[in-house]
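Residues in the sequence shown are numbered from 82 upward in steps of one, following the numbering used here.
First the structure, in the form of structure tokens, and then the observations on it.
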Amino acid sequence: MPLDQIDIDEHEAQMTFLEHIEALRWHLMRSIIAIFVGAIAAFAFGTYIFDKILLGPTQA
82 MPLDQIDIDE HEAQMTFLEH IEALRWHLMR SIIAIFVGAI AAFAFGTYIF
132 DKILLGPTQA
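Right, dumping it as structure tokens:
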């Protein structure tokens, strides 16, 4: 096992329950922000997505 993996495992073993919850909270927040940004982009380019990508093969 690589030494850097051993260091990560030891750090995770030393985290308390609340530290794990805090890490989970930040992962969830980043995921929600990424989904929100993706939804805004999809809404902004919705016409292009439907006309050119989804319905494009029917017009060819």
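C-beta: ideal position from N, C-alpha, C; glycine also.
Since this is a predicted model, take the numbers as computed values, not measurements.
Answer yes or no: do residue i and residue j have a C-beta to C-beta separation smaller than 8 angstroms?
i: A123; j: I113; result: no
If you drop the 5 nearest sequence neighbours on each side, which residues of the same chain put their C-beta closer than 8 angstroms to that of residue i?
i: L109; result: none
Counting only the same chain and skipping the five closest in sequence on each side, list residues whose C-beta sits under 6 angstroms from that of residue i.
i: G119; result: none
Take residue i and list the residues in its own chain whose beta-carbon comes closer than 7 angstroms to its own, dropping the five residues that flank it on each side.
i: R106; result: none
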